[in-house]
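S.K.: Counting from 1, position 123 in the sequence shown corresponds to residue 122 in numbering that gives the first Met the number 0; the numbering is continuous, with no gaps.
Heads up, the beta-carbon is just placed ideally off N, CA and C, and yes, glycines get one too.
My structure is below; once you've seen it, I'll send some questions.
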Amino acid sequence: MDGDATDLFLRFVNFLRGRRILAFKRNLYTIPPYFFGRMNGNRAAAIDMDTHGIQRSEAQQEQSDSSAEKNPVVVDDMTIRSRPKSANRAKTALERVKHAFWTFGKFVGPGFMISVAYIDPGNYATDIAAGASYQYKLLFIVLLSNLFAILLQSLAIQLGTVTGLDLASACRAYLPRWLNYLLYGLAEVAIIATDMAEVVGTAIALNLLIPKLPLVAGCALSILDVMAILIFYRPDGSMKGLRLFEMFVCLLVLGVVICFCIELSMISGSVGEVFRGYVPSSSLVESQALYQACGILGATVMPHSLYLGSGIVQPRLREFDTKHGLIPEEPVTAASSATNDEYLDKGIYIPSQAAIKHSLKYSITELALALFTFALFVNSAILIVAGASLYQNPDALEADIFGIHDLLAKSISPAVGTIFALALLLSGVSAGIVCTIAGQLVSEGAIRWKLKPWLRRLITRSISITPSIIIAGAVGRSGLNTALTASQVVLSSVLPFVTLPLIYFTSRSRYMTVLPGMARYYHEDGDRGWPGANSAAGVSMANPWYIIILGVLVWLVITVMNVANLVLLGLGKSG
């Protein structure tokens, strides 16, 4: 009878535990010690009931051991599990999600800096012209251009992450000298053309916001963003300082987004027609539509952004290797010790395999989100605002940015014109800052010409400001708009030459092989002598066959559209 009572009591306790009514706590109640066996660590022994005439089979005892091991709760000397298995799984899944979001947050920044290149003043001219001429029908080209950009920028991140080299350094490492110098010259032309677009955009925005400010003065004032780079940007400094600079650029991007959110709320248009614009239409085959589509593509996929994307991923890789003790001390070579400290060859940092696997997925995800949300939104918003307010307006077809501003102010409200000018200013300033960093990467990587960023900014901005000031002083508004259009044509011409080496490098196992073990530093032997990463012990992270095919198709589309753009421009069939 005593054994039956004990068994009944234990079943009642288990029932309360299963219903989560009873939780064992010390000193809450007393259970006779002869009910339980002694515990060993976190593994509960079976309850010995022999003294009460209850005999347990070995199968029952093993089942009790297994259940107690999986669900331990401490009660005095005893370990018993009270939490259901599903609750533990939910808690583990939640912790994994929180950890993933926390880790992803550390990678936020580079994608926003890259997205700045896709919302620069050059995009304003092309998107406005497309919206005024075809309303929303060219939104498909905006979407397609952003998808192309995501693919190419992902390849740039892959190159920089796996090899530790930016695109310019990879060209120097793996291409013949003459070809490297040719690509370097084209890259510098593209950067100067991009910088000219930022100068023109900033000058126009300042003139629109402050009408009494001459255009020449606006061009000269555009050099003031050197101060931002001088204060914030420290590429070899701490991650905290680098993230602060990235957040500064992010704030500029968010300012542009907020401006266009306000503008979209002040226009009237059919949501259905807007979404239908993301579907291909027969209007795309018209000569004027093709010309404007080429302009959108050329203004969206920017050459300097590929150099930038491949070069700004290394700090987070280095942070991971340093944190986990995978980075060795830099070797000091005789060649490097004989140079001036400012031009000291610190060696090429090659990340560890663990850092590459950890960082690559987060970097590409952050980039895709930044481009597919902010860059796509801003470019779409510019076209939608133009399409809703300027479509079928005869005055809008030949209008430049000044004329578009005036039409927006008259057709909707003066506030819309002011917000448009403010967005243009923020775009010009942020794009100019990012362009400087890209120029620094190009000069250091291709020819090892090392300059401080602010000095590099002074040189490139001076080169781009000079023709802008001359044009603004001699011709005025129409001349600046022509210069803006010409800069986009130059960028369109350079783009195929920049994208081809990127696709080639990331598709070859010779360059995309990762060696196991710790991170490494590599010093060049003389002027050349870069190592090939090909090794039987390594793991290839080259593009799979379908990415290679997709990359080649994208390159062909970009090349054909840019050639068509130049042909139509030369034949005078752009209008």
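Using three-state DSSP, classify Y133 as helix, strand or coil.
M.R.: For the purposes of this step, residue 133 is taken as residue 134 along the sequence shown, with counting starting at 1. Y133: helix per DSSP, three-state reduction.
S.K.: Could you tell me the distance, in whole angstroms, from the CA atom of N533 to the CA atom of A288?
M.R.: Start at 1 with the first residue of the sequence shown, and residue 533 comes out as number 534. Start at 1 with the first residue of the sequence shown, and residue 288 comes out as number 289. Residue confidence is low: N533 scores 47 on pLDDT, short of 50, so the model does not pin down where it sits. Its coordinate-derived value is still stated next. Their backbone Cα atoms lie some 46 Å apart in a straight line.
S.K.: Assign I311 to one of three DSSP states: helix, strand, or coil.
M.R.: Translated into positions along the sequence shown, residue 311 becomes position 312. Three-state result, I311: coil.
S.K.: Between which two residues does the beta strand (DSSP E) carrying I349 extend?
M.R.: As a first step, residue 349 must be located in the sequence shown, where it is residue number 350. Where I349 is concerned, the enclosing beta strand (DSSP E) stretches over 347 to 349.
S.K.: If I follow the unbroken alpha helix (DSSP H) through T435, where does it start and stop?
M.R.: Along the sequence shown, one-based indexing puts residue 435 at 436. Start and end: 413 to 446.
S.K.: How would you call D49, buried or exposed, if buried means at least 16 neighbouring beta carbons within 10 angstroms?
M.R.: Numbered from its first residue, the sequence shown carries residue 49 at position 50. Confidence is the limiting factor: at D49 the pLDDT is only 39, short of 50, which leaves the residue's position unreliable, though a coordinate-based value still follows. By the neighbour-count rule (16 or more Cβ atoms within 10 Å), D49 is not buried but exposed.
S.K.: Find out if the Cβ-Cβ distance for the pair G444, S132 is shorter than 8 Å.
M.R.: For this step, residue 444 is matched to residue 445 along the sequence shown. For this step, residue 132 is matched to residue 133 along the sequence shown. No.
S.K.: Contact between the segment 374 to 384 and the segment 247 to 267: three or more CB pairs below 8 Å?
M.R.: The segment 374 to 384 vs the segment 247 to 267: in contact.
S.K.: Terminal residues of the continuous alpha helix (DSSP H) containing S282?
M.R.: Stepping through the sequence shown from its first residue, residue 282 is reached at position 283. It is not in any alpha helix (DSSP H) - S282 carries neither H nor E in the DSSP assignment.
S.K.: Find out if the Cβ-Cβ distance for the pair V489, A216 is shorter than 8 Å.
M.R.: Along the sequence shown, read from residue 1 onward, the residue named residue 489 stands at position 490. Along the sequence shown, read from residue 1 onward, the residue named residue 216 stands at position 217. No.
S.K.: For the candidate residues Q487, V278, L421, W554, whose alpha-carbon lies nearest to that of L142?
M.R.: Walking along the sequence shown from the start, residue 142 turns up at place 143. The shortest C-alpha separation from L142 is found at V278.
S.K.: Three-state secondary structure (DSSP) at Y390?
M.R.: The sequence position of residue 390 within the sequence shown is 391, counting from 1. Y390: coil per DSSP, three-state reduction.
S.K.: In chain order, which continuous runs of the alpha helix (DSSP H) of length 4 or greater are located wholly inside the segment 103 to 160?
M.R.: Those alpha helix (DSSP H) runs which fall completely within the segment 103 to 160 and span 4+ residues are 109 to 115, 120 to 133.
S.K.: Considering only their Cβ atoms, is the gap separating G550 from N542 smaller than 8 Å?
M.R.: Against the sequence shown, residue 542 aligns to sequence position 543. Against the sequence shown, residue 550 aligns to sequence position 551. Taking 8 Å as the Cβ cut-off, N542 and G550 qualify as a contacting pair.
S.K.: Please report the residue range of the alpha helix (DSSP H) in which D405 lies.
M.R.: On the sequence shown, position 406 is the one that residue 405 refers to. 400 to 410 is the span of the alpha helix (DSSP H), which, as asked, contains D405.
S.K.: DSSP state of R18, grouped into three classes?
M.R.: Counting from 1 along the sequence shown, the entry for residue 18 is found at position 19. Note that R18 has pLDDT 49, beneath the 50 cutoff, so the model's placement of it is unreliable and the number below is only indicative. In this structure, R18 counts as coil in the three-state DSSP scheme.
S.K.: Kindly give me the distance between the Cβ atoms of G569 and G386, rounded to whole angstroms, as I take these residues to be in contact under 8 Å.
M.R.: Along the sequence shown, one-based indexing puts residue 569 at 570. Along the sequence shown, one-based indexing puts residue 386 at 387. The Cβ separation is near 28 Å, so there is no contact.
S.K.: I470: which of R242, P413, A219, L174 sits nearest, CA to CA?
M.R.: Locating residue 470 in the sequence shown gives position 471, counting from the first residue. Nearest C-alpha to I470: A219.
S.K.: Give the range of the alpha helix (DSSP H) segment to which S491 is assigned.
M.R.: Here the question's residue 491 lines up with position 492 in the sequence shown. Start and end: 476 to 505.
S.K.: Going by DSSP in three states, V513 sits in which element: helix, strand or coil?
M.R.: The residue you call residue 513 lines up with position 514 of the sequence shown. Of the three classes helix, strand and coil, the one that applies to V513 here is strand, per DSSP.
S.K.: Does the beta-carbon distance from E285 to V107 come in below 8 Å?
M.R.: In the sequence shown, the residue the question calls residue 285 occupies position 286. In the sequence shown, the residue the question calls residue 107 occupies position 108. No; because the gap between Cβ atoms is not below 8 Å, this pair is not in contact.
S.K.: How long is the line joining the alpha carbons of L359 and R242, rounded to whole angstroms?
M.R.: As a working note, residue 359 is residue 360 in the sequence shown. As a working note, residue 242 is residue 243 in the sequence shown. Roughly 18 Å separates the two Cα atoms.
S.K.: Going by beta carbon distance, what residues of the same chain come within less than 8 Å of V474, once the five residues before and after it are set aside?
M.R.: Sequence index remark: in the sequence shown, residue 474 carries index 475 (1-based). Same-chain partners within the cutoff: T481.
S.K.: Under 8 Å, do C170 and P500 count as touching if we go by C-beta distance?
M.R.: Taking the first residue of the sequence shown as position 1, residue 170 is located at position 171. Taking the first residue of the sequence shown as position 1, residue 500 is located at position 501. Cβ distance < 8 Å, so C170 and P500 count as in contact.
S.K.: Cβ of P515 within 8 Å of Cβ of Q352?
M.R.: Within the sequence shown, numbered from 1, the residue matching residue 515 stands at position 516. Within the sequence shown, numbered from 1, the residue matching residue 352 stands at position 353. Yes. Within cutoff.
S.K.: How would you call P393, buried or exposed, if buried means at least 16 neighbouring beta carbons within 10 angstroms?
M.R.: Here residue 393 refers to the residue found at position 394 of the sequence shown. With fewer than 16 other Cβ atoms within 10 Å, it is exposed.
S.K.: Buried or exposed: E187, going by 16 or more other Cβ atoms within 10 Å of its Cβ?
M.R.: Stepping through the sequence shown from its first residue, residue 187 is reached at position 188. The residue is buried, with at least 16 neighbouring Cβ atoms inside 10 Å.
S.K.: Starting from L549, trace the alpha helix (DSSP H) in both directions and tell me its first and last residue.
M.R.: By one-based count along the sequence shown, residue 549 stands at place 550. L549 -> alpha helix (DSSP H) spans 544 to 570.
S.K.: DSSP state of S647, grouped into three classes?
M.R.: The question about residue 647 has no answer, for the chain in this structure spans 0 to 574.
S.K.: Ends of the alpha helix (DSSP H) at S286?
M.R.: Locating residue 286 in the sequence shown gives position 287, where the first residue counts as 1. S286 -> alpha helix (DSSP H) spans 286 to 299.
S.K.: I'd like to check one pair, G402 with N200: are the Cβ atoms closer than 8 Å?
M.R.: Along the sequence shown, one-based indexing puts residue 200 at 201. Along the sequence shown, one-based indexing puts residue 402 at 403. According to the sequence as given, residue 200 is Gly; it is not Asn. No. Outside cutoff.
S.K.: Please state whether the Cβ-Cβ distance between Y306 and V441 is less than 8 Å.
M.R.: As a first step, residue 306 is located in the sequence shown; it is residue number 307 there, counting from the start. As a first step, residue 441 is located in the sequence shown; it is residue number 442 there, counting from the start. Going by C-beta atoms, Y306 is nearer than 8 Å to V441.
S.K.: Comparing alpha-carbon positions, which option in T160, A298, I502, I261 lies nearest S114?
M.R.: Counted from its first residue, the sequence shown places residue 114 at position 115. Comparing Cα-Cα distances from S114 to each of T160, A298, I502, I261, the minimum goes to A298.
S.K.: Let me know the secondary structure DSSP gives S461 once reduced to three states.
M.R.: As a working note, residue 461 is residue 462 in the sequence shown. Correct three-state label for S461: helix.
S.K.: T372 lies in the alpha helix (DSSP H); which residues open and close that run?
M.R.: Taking the first residue of the sequence shown as 1, we reach residue 372 at position 373. Element bounds for T372: n/a, residue is neither H nor E.
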